[in-house]
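Asks: For the sequence shown, UniProt numbering assigns the number 1 to the initial residue and increments by one for each residue that follows.
Mind looking over this structure? Questions follow.
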Amino acid sequence: MVTAVAQRLLSQRKQVDDTLAHFSLNRDQLRVVRDKMRVELERGLRKDSHSSASVKMLPAFVFQTPDGTERGKYLALDLGGTNFRVLVVKIRSGIRKSVRMYNKIYAIPHEIMQGTGEELFDHIVHCISDFLDYMGMKNTRLPLGFTFSFPCRQTGIDKGSLVSWTKGFKATDCEDHDVVDMLRDAIKRRNEFDLDIVAVVNDTVGTMMTCAYEDSKCEIGLIAGTGSNVCYMEDMRNIETVEGDEGQMCVNTEWGGFGENGCIEDIRTKFDREVDEGSLNSGKQRFEKMTSGMYLGEIVRQILIDLTKRGLLFRGRITEPLKTRGIFETKFLSQIERFISTYTLIIALMHLQSLGSTCDDSIIVKEVCGAVSHRAAQLCGAGMAAIVEKIRENRGLEHLEITVGVDGTLYKLHPHFSRVLKDTVRDLAPKCTVSFVLSEDGSGKGAALITAVARRYCGGAQQQYLYSMRFSDETLLEIMSRFRRELEKGLSQDTNPTATVKMLPTFVRSIPDGTEKGDFIALDLGGSNFRILRVKVSHEKKQTVQMETEIYDTPEDIIHGSGTRLFDHVAECLGDFMEKHKIKDKKLPVGFTFSFPCAQTKLDEGILLTWTKRFKASGVEGMDVVKLLNKAIKKRGVRFTDIMAVVNDTVGTMMTCGFDDHRCEVGIIIGTGTNACYMEEMRHIELVEGDEGRMCINTEWGAFGDDGMLEDIRTDFDRDIDRGSLNPGKQLFEKMVSGMYMGELVRLILVKMAREGLLFEGRITPELLTKGKFETKHISAIEKSKEGLSKAKEILARLGVEPSADDCIAVQHVCAIVSFRSASLVAATLAAILTRLKDNKHVPRLKTTVGIDGSLYKMHPQYARRLHKTVRRLVPECDVRFLLSESGSGKGAAMVTAWAYRLADQTRSQTFNSGMSSVTPI
Ligand code: BG6
Ligand code: BG6
Ligand code: GLC
Ligand code: GLC
Numbered sequence: 001m002v003t004a005v006a007q008r009l010l011s012q013r014k015q016v017d018d019t020l021a022h023f024s025l026n027r028d029q030l031r032v033v034r035d036k037m038r039v040e041l042e043r044g045l046r047k048d049s050h051s052s053a054s055v056k057m058l059p060a061f062v063f064q065t066p067d068g069t070e071r072g073k074y075l076a077l078d079l080g081g082t083n084f085r086v087l088v089v090k091i092r093s094g095i096r097k098s099v100r101m102y103n104k105i106y107a108i109p110h111e112i113m114q115g116t117g118e119e120l121f122d123h124i125v126h127c128i129s130d131f132l133d134y135m136g137m138k139n140t141r142l143p144l145g146f147t148f149s150f151p152c153r154q155t156g157i158d159k160g161s162l163v164s165w166t167k168g169f170k171a172t173d174c175e176d177h178d179v180v181d182m183l184r185d186a187i188k189r190r191n192e193f194d195l196d197i198v199a200v201v202n203d204t205v206g207t208m209m210t211c212a213y214e215d216s217k218c219e220i221g222l223i224a225g226t227g228s229n230v231c232y233m234e235d236m237r238n239i240e241t242v243e244g245d246e247g248q249m250c251v252n253t254e255w256g257g258f259g260e261n262g263c264i265e266d267i268r269t270k271f272d273r274e275v276d277e278g279s280l281n282s283g284k285q286r287f288e289k290m291t292s293g294m295y296l297g298e299i300v301r302q303i304l305i306d307l308t309k310r311g312l313l314f315r316g317r318i319t320e321p322l323k324t325r326g327i328f329e330t331k332f333l334s335q336i337e338r339f340i341s342t343y344t345l346i347i348a349l350m351h352l353q354s355l356g357s358t359c360d361d362s363i364i365v366k367e368v369c370g371a372v373s374h375r376a377a378q379l380c381g382a383g384m385a386a387i388v389e390k391i392r393e394n395r396g397l398e399h400l401e402i403t404v405g406v407d408g409t410l411y412k413l414h415p416h417f418s419r420v421l422k423d424t425v426r427d428l429a430p431k432c433t434v435s436f437v438l439s440e441d442g443s444g445k446g447a448a449l450i451t452a453v454a455r456r457y458c459g460g461a462q463q464q465y466l467y468s469m470r471f472s473d474e475t476l477l478e479i480m481s482r483f484r485r486e487l488e489k490g491l492s493q494d495t496n497p498t499a500t501v502k503m504l505p506t507f508v509r510s511i512p513d514g515t516e517k518g519d520f521i522a523l524d525l526g527g528s529n530f531r532i533l534r535v536k537v538s539h540e541k542k543q544t545v546q547m548e549t550e551i552y553d554t555p556e557d558i559i560h561g562s563g564t565r566l567f568d569h570v571a572e573c574l575g576d577f578m579e580k581h582k583i584k585d586k587k588l589p590v591g592f593t594f595s596f597p598c599a600q601t602k603l604d605e606g607i608l609l610t611w612t613k614r615f616k617a618s619g620v621e622g623m624d625v626v627k628l629l630n631k632a633i634k635k636r637g638v639r640f641t642d643i644m645a646v647v648n649d650t651v652g653t654m655m656t657c658g659f660d661d662h663r664c665e666v667g668i669i670i671g672t673g674t675n676a677c678y679m680e681e682m683r684h685i686e687l688v689e690g691d692e693g694r695m696c697i698n699t700e701w702g703a704f705g706d707d708g709m710l711e712d713i714r715t716d717f718d719r720d721i722d723r724g725s726l727n728p729g730k731q732l733f734e735k736m737v738s739g740m741y742m743g744e745l746v747r748l749i750l751v752k753m754a755r756e757g758l759l760f761e762g763r764i765t766p767e768l769l770t771k772g773k774f775e776t777k778h779i780s781a782i783e784k785s786k787e788g789l790s791k792a793k794e795i796l797a798r799l800g801v802e803p804s805a806d807d808c809i810a811v812q813h814v815c816a817i818v819s820f821r822s823a824s825l826v827a828a829t830l831a832a833i834l835t836r837l838k839d840n841k842h843v844p845r846l847k848t849t850v851g852i853d854g855s856l857y858k859m860h861p862q863y864a865r866r867l868h869k870t871v872r873r874l875v876p877e878c879d880v881r882f883l884l885s886e887s888g889s890g891k892g893a894a895m896v897t898a899w900a901y902r903l904a905d906q907t908r909s910q911t912f913n914s915g916m917s918s919v920t921p922i
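Have a look at this one:
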């Protein structure tokens with residue numbers, strides 16, 4: 001008899017143990033979870049895999065944690081956790097640094113959570129209204145930070161469209177809608193008060209910020225509550241779904257979705273599947289359903305039902321409460337696990353659940369709870385280990401010390417969860433020391449801090465005007481296709497007269513082929529320096545190039561004076577050069593890089609269409625610059641062979657780079673001005689006769705937009721720059737992009753921000769108001785990653801302002817936005833040229849080289865990388881090599897001259913034989 005009972009008990013014990021064994025994960029299994037989480041984190045960050053990643057890695061548009069200088073009075077909403085709260089948060093900075101909060105909790109009835117979107121937002125606004133009445137604040141238009149604890153795809157700090165509801169919410173017509181817009185609309189509908197909605201924030205982000213206000217090492221936010229989620233500060237360069245490479249941005253991982261692609265099926269149990277099937281979002285949030293408060297009780301209930309059905313519990317009787325979904329709340333789980341004495345446990349169980357349990361039953365129930373919560377804590381620990389390891393690797397550290405700010409009822413109330421979580425992290429991420437700090441004040445405080453920062457840099461300034469300087473890839477693709485149409489318009493004979501992008505034939509028909517040789521003079525006029533060079537190309541075994549260079553001044557009064565004086569000056573410098581280099585008596589062929597738009601009918605003719613950039617000498621537009629220079633040279637009596645070729649600097653650059661890389665078929669300048677040339681098929685160039693082969697086209701893309709085509713992306717600053725320029729209404733693209741204008745653009749923005757009190761405590765100095773005082777080279781200095789901020793301080797001090805640390809950060813931010821816009825725009829137009837080349841060649845992938853020159857591209861610390869990255873994103877079907885022209889465009893001009901000279905030589909001998917006379921272009 002005794003044996004039978006013992007055996008029954010033993011068998012019962014074994015069956016319970018076997019059931020719970022599925023919840024016990026060993027170290028190896030946890031390591032696998034950690035590693036899979038890491039894979040999904042990376043997939044979520046990468047552009048190509050983002051859409052299929054189960055961990056969405058949503059950019060949060062929070063660029064830094066608080067630094068203690070935040071201040072002001074804010075309203076905050078906290079929606080999505082156990083409680084819906086409305087708060088007022090008052091933040092003081094300086095020595096009286098403090099945060100005071102007043103809040104009220106409101107209920108969100110079940111039928112509203114799952115009603116219509118309009119009902120939900122009307123209810124929220126109703127609660128805000130009540131709160132404002134209660135606080136007597138209805139008439140103040142407070143800035144609002146909105147903690148919205150659901151996955152949102154953000155495109156700015158105040159824009160976020162709901163990806164999908166999670167947890168207990170399921171209101172209709174909200175998914176894919178902007179939650180800020182929905183809140184604004186509801187405020188309008190109520191028409192009682194107004195709010196300035198500045199930021200929408202996930203609860204993990206709010207929590208991280210709340211904790212980071214006290215502990216600057218806090219760069220991770222964890223919620224282990226109704227839901228489960230993590231955010232952390234990621235390096236911008238790793239977030240491929242957002243433009244920009246510098247600094248950091250907070251990423252809301254939405255790790256609750258981990259496993260949606262089936263990658264953790266091996267550890268999911270049949271109970272997890274049952275819970276999932278009975279949930280509002282079946283198939284979704286699989287990790288969350290194994291780790292968070294909303295579901296742990298449900299898992300326990302499913303196990304209890306199973307054990308009861310098998311006669312192992314409650315004498316096999318399934319009571320009504322046990323059948324009720326949601327009856328087993330997580331707080332019960334915490335309570336049950338906290339009870340030490342079986343007696344109190346039985347009482348509690350009977351009381352809470354009317355489950356009518358015995359002593360044995362209650363022990364089993366406690367074990368079930370323990371198994372489920374232990375697994376949850378371990379899984380969170382494994383996920384956290386993946387995050388901290390990623391951060392450690394990002395920073396190239398042997399050892400990382402970091403703090404996680406945590407909130408959520410599960411973490412706060414459960415007796416063992418936090419310990420197991422910490423132990424697991426320690427075990428799985430041994431190279432990281434991770435401290436966990438509990439968020440005492442909820443995420444509302446963090447949302448207010450974010451609002452304070454966003455309002456200072458974005459809400460005020462960036463929101464209104466800087467924001468419109470950031471382009472999404474969609475916008476860039478649109479600009480790319482507009483430019484592509486302009487290219488085609490410029491190439492066609494019928495539409496060329498009205499095209500802004502002039503697509504000028506250059507009569508250069510191929511890149512250097514290695515046979516060029518000779519001794520040449522190259523003039524290089526139109527960039528930031530006027531250079532004269534002697535270029536010797538020799539051919540002993542290998543082609544080698546030797547160059548001697550002098551730089552000459554081009555004073556303002558000369559470039560703005562008469563054309564005759566300008567060319568006299570050039571001739572004078574040439575005379576000086578020949579004397580200095582002892583070649584006065586040599587008749588060297590001359591190649592003339594003239595970096596302005598010229599109409600050509602042959603290589604040695606260039607009719608200046610219009611001055612651009614800094615030049616404005618009279619009597620030159622409409623004239624052949626070769627003739628003008630010849631005349632000036634003759635006047636001086638300098639001996640020389642004719643000017644053999646006039647080339648644009650883009651063409652010179654393409655040829656210089658083509659010398660080293662035969663694939664080079666595009667030349668770009670991003671310097672004082674900006675422009676590009678590329679090799680087009682002759683059959684498409686209607687302005688030149690002949691269909692065979694290719695010819696280089698100088699696009700003169702600087703004029704893109706002169707017909708109003710870019711008005712939707714130009715800002716008031718761009719219009720100001722244009723009005724104050726030497727050529728109003730012209731070169732509108734160039735004025736948004738190139739070095740001659742960028743510094744001025746930043747200066748205008750700083751003045752406006754200062755006027756609005758957003759910078760320098762509203763002080764404006766005469767220097768700051770002086771045109772040209774802020775140069776493009778200053779942007780390059782300020783954007784340097786290490787010494788950038790101290791450079792900003794130095795440069796601003798020279799403008800007479802005493803910048804605070806915040807001012808320096810804001811100015812750096814402005815510089816980054818302006819230079820980033822430039823790189824993005826060039827990427828779009830270059831991408832159009834690349835697709836054109838690809839289509840011309842009828843190849844599925846284009847492999848090509850782009851030769852580049854110009855001070856902005858060369859000097860700016862981030863420009864090149866941003867440009868390359870954006871181009872690769874816009875035209876993934878092109879493999880582009882960017883080749884910096886190390887030796888300027890003079891070398892390329894000499895290559896063209898060599899060709900022209902050789903052909904002229906041949907023609908001369910033919911002419912001699914046949915009596916014909918003309919210079920055939922190459
Ligand atoms: C609160 C935060 O303290 O914790 C909320 O203020 C957050 O923003 C919540 O959503 C998470 O915990 P729970 O358990 O309420 O979901
Ligand atoms: C130089 C080229 O390297 O770059 C010039 O030799 C060109 O021909 C110039 O005009 C463009 O850059 P920037 O910055 O001097 O206008
Ligand atoms: C859910 C939400 C997420 C939130 C978490 C914690 O996982 O999707 O946005 O952070 O719950 O509340
Ligand atoms: C201006 C000129 C163009 C030149 C470019 C770069 O856009 O019009 O010819 O290539 O500047 O220097």
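All C-beta atoms in this analysis are idealised placements derived from N, C-alpha and C, irrespective of residue type, glycine included.
Would you identify the three-state DSSP class for residue 882, choosing helix, strand or coil?
Replies: By 1-based counting over the sequence shown, the position of residue 882 is 882. It is a strand residue.
Asks: Quick test of the definition: if touching needs 3 or more C-beta pairs under 8 angstroms, does the stretch 379 to 387 touch the stretch 23 to 37?
Replies: Yes, the stretch 379 to 387 touches the stretch 23 to 37.
Asks: Is the separation between the beta-carbon of residue 483 and that of residue 821 shorter than 8 angstroms?
Replies: By 1-based counting over the sequence shown, the position of residue 483 is 483. By 1-based counting over the sequence shown, the position of residue 821 is 821. No.
Asks: Tell me, please, which residues DSSP counts as bridged to residue 59.
Replies: Within the sequence shown, residue 59 is the residue found at index 59, counting from 1. In DSSP, residue 59 forms a bridge with 251.
Asks: Contact defined as beta carbons within less than 8 angstroms: I believe residue 851 pairs with residue 657. What is the distance between those atoms, to the nearest angstrom?
Replies: Taking the sequence shown and counting its residues from 1, the one referred to as residue 851 is at position 851. Taking the sequence shown and counting its residues from 1, the one referred to as residue 657 is at position 657. 3 angstroms between Cβ atoms; contact.
Asks: Which of the three DSSP states is assigned to residue 840 in this structure?
Replies: Your numbering for residue 840 matches position 840 in the sequence shown. The answer is helix: DSSP assigns residue 840 an H, G or I state.
Asks: Would you say the beta carbon of residue 279 comes nearer than 7 angstroms to a heavy atom of ligand 1?
Replies: Looking up residue 279 in the sequence shown gives position 279. No, ligand 1 has no heavy atom inside 7 angstroms of this Cβ.
Asks: Have a look at residue 25 and residue 371 and give me their C-alpha separation to the nearest angstrom.
Replies: For the purposes of this step, residue 25 is taken as residue 25 along the sequence shown, with counting starting at 1. For the purposes of this step, residue 371 is taken as residue 371 along the sequence shown, with counting starting at 1. When rounded, the distance between both Cα atoms is 10 angstroms.
Asks: Going along the chain, which residues of its own chain have a beta-carbon closer than 6 angstroms to the beta-carbon of residue 738, five neighbours each way excluded?
Replies: Here the question's residue 738 lines up with position 738 in the sequence shown. Once the five neighbours on either side are set aside, the close Cβ partners of residue 738 are 673 and 674.
Asks: With distance defined between alpha-carbon atoms, name the residue in 741, 740 and 764 nearest to residue 750.
Replies: The residue you call residue 750 lines up with position 750 of the sequence shown. Cα-wise, what sits closest to residue 750 is 764.
Asks: Is residue 665 a contact residue of ligand 4, with contact defined as CB to any heavy atom under 7 angstroms?
Replies: By one-based count along the sequence shown, residue 665 stands at place 665. No - ligand 4 has no heavy atom lying nearer than 7 angstroms to the Cβ of residue 665.
Asks: Spatial neighbours of residue 114 within its chain, please: CB distance less than 6 angstroms, with the 5 preceding and 5 following residues excluded, ordered by chain position.
Replies: For the purposes of this step, residue 114 is identified with residue 114 of the sequence shown, where counting begins at 1. Only 170 meet the Cβ criterion.
Asks: Would residue 146 and residue 447 be called neighbours here (beta carbons separated by less than 8 angstroms)?
Replies: Here residue 146 refers to the residue found at position 146 of the sequence shown. Here residue 447 refers to the residue found at position 447 of the sequence shown. Going by C-beta atoms, residue 146 is nearer than 8 angstroms to residue 447.
Asks: Would DSSP call residue 743 helix, strand or coil?
Replies: On the sequence shown, residue 743 is found 743 positions in, with the first residue counted as 1. Here residue 743 sits in helix by DSSP.
Asks: Please classify residue 95: does DSSP put it in a helix, a strand, or coil?
Replies: Translated into positions along the sequence shown, residue 95 becomes position 95. If DSSP states are grouped into helix, strand and coil, residue 95 belongs with the helices.
Asks: Should residue 238 and residue 253 be called a contact, given that it needs their Cβ atoms to be closer than 8 angstroms?
Replies: Locating residue 238 in the sequence shown gives position 238, where the first residue counts as 1. Locating residue 253 in the sequence shown gives position 253, where the first residue counts as 1. Against a cut-off of 8 angstroms, the Cβ pair of residue 253 and residue 238 comes out as no contact.
Asks: With 16 as the cutoff for other CB atoms within 10 Å, does residue 19 come out buried or exposed?
Replies: In the sequence shown, counting from the first residue as 1, residue 19 sits at position 19. Looking at its Cβ environment, which holds 16 or more other Cβ atoms inside 10 Å, residue 19 is buried.
Asks: Just to check, is the beta-carbon of residue 780 closer than 7 angstroms to a non-hydrogen atom of ligand 2?
Replies: For the purposes of this step, residue 780 is taken as the residue at position 780 of the sequence shown. It does not: the Cβ of residue 780 is nowhere closer than 7 angstroms to a heavy atom of ligand 2.
Asks: Indicate the three-state DSSP secondary structure (helix, strand or coil) for residue 862 in the structure shown.
Replies: Translated into the one-based positions of the sequence shown, residue 862 becomes position 862. If DSSP states are grouped into helix, strand and coil, residue 862 belongs with coil.
Asks: Which full runs of the beta strand (DSSP E) of 3+ residues lie inside the stretch 431 to 492, going along the chain?
Replies: List check, beta strand (DSSP E) in window: 432 to 438.
Asks: Looking at ligand 4, does it come within less than 7 angstroms of residue 596, judged from the CB to the closest heavy atom?
Replies: The count along the sequence shown starts at 1 and reaches residue 596 at position 596. Because some heavy atom of ligand 4 lies under 7 angstroms away, the Cβ of residue 596 counts as near it: yes.
Asks: Kindly confirm or deny that the stretch 722 to 741 and the stretch 800 to 808 touch, where touching means at least three C-beta pairs closer than 8 angstroms.
Replies: No: the two stretches stay apart, fewer than three of their Cβ pairs being nearer than 8 angstroms.
Asks: Could you tell me the distance, in whole angstroms, from the CA atom of residue 276 to the CA atom of residue 144?
Replies: One-based indexing of the sequence shown puts residue 276 at position 276. One-based indexing of the sequence shown puts residue 144 at position 144. Approximately 35 angstroms between the Cα atoms of the pair.
Asks: Residue 461 to residue 650, Cα distance in whole Å?
Replies: In the sequence shown, residue 461 corresponds to position 461, counting from 1. In the sequence shown, residue 650 corresponds to position 650, counting from 1. Residue placement at residue 461 cannot be trusted, given a pLDDT of 44 that sits under 50; what the coordinates show is reported in the next sentence. Straight-line Cα distance between these residues: approximately 37 angstroms.
Asks: Determine the burial state of residue 905: buried for a count of at least 16 other Cβ atoms within 10 Å of its Cβ, exposed for fewer.
Replies: Residue 905 sits at position 905 when you count from the first residue of the sequence shown. Exposed: under 16 other Cβ atoms inside 10 Å.
Asks: Per DSSP, what are the beta-bridge partners of residue 680 in this structure?
Replies: Residue mapping note: residue 680 aligns to position 680 of the sequence shown, counting from 1. In DSSP, residue 680 forms a bridge with 695.
Asks: How do the stretch 396 to 407 and the stretch 429 to 441 stand: do at least 3 beta-carbon pairs fall below 8 angstroms, yes or no?
Replies: Contact holds: three or more Cβ-Cβ distances are below 8 angstroms.
Asks: Would you say residue 166 touches ligand 1, meaning its beta carbon is less than 7 angstroms from a heavy atom?
Replies: On the sequence shown, position 166 is the one that residue 166 refers to. Every heavy atom of ligand 1 is 7 angstroms or more from the Cβ of residue 166, so no.
Asks: Kindly examine ligand 6 and report whether one of its heavy atoms sits closer than 7 angstroms to the Cβ of residue 95.
Replies: With respect to ligand 6, the structure offers nothing, as its ligand set consists of ligand 1, ligand 2, ligand 3 and ligand 4.
Asks: Which value, in whole angstroms, describes the spacing of the CA atoms of residue 635 and residue 494?
Replies: In the sequence shown, counting from the first residue as 1, residue 635 sits at position 635. In the sequence shown, counting from the first residue as 1, residue 494 sits at position 494. Distance between the alpha carbons of residue 635 and residue 494 is about 41 angstroms.
Asks: Based on the DSSP secondary-structure assignment, which residues constitute the bridge partners of residue 201?
Replies: On the sequence shown, position 201 is the one that residue 201 refers to. 147, per the DSSP bridge assignment.
Asks: On a CA-only basis, which of 125, 102 and 176 is nearest residue 108? Give me that one, please.
Replies: Taking the sequence shown and counting its residues from 1, one reaches residue 108 at position 108. Comparing Cα-Cα distances from residue 108 to each of 125, 102 and 176, the minimum goes to 125.
Asks: Report the rounded CA-to-CA distance for residue 15 versus residue 21, giving the unit in angstroms.
Replies: Translated into positions along the sequence shown, residue 15 becomes position 15. Translated into positions along the sequence shown, residue 21 becomes position 21. Roughly 10 angstroms between the two C-alpha positions.
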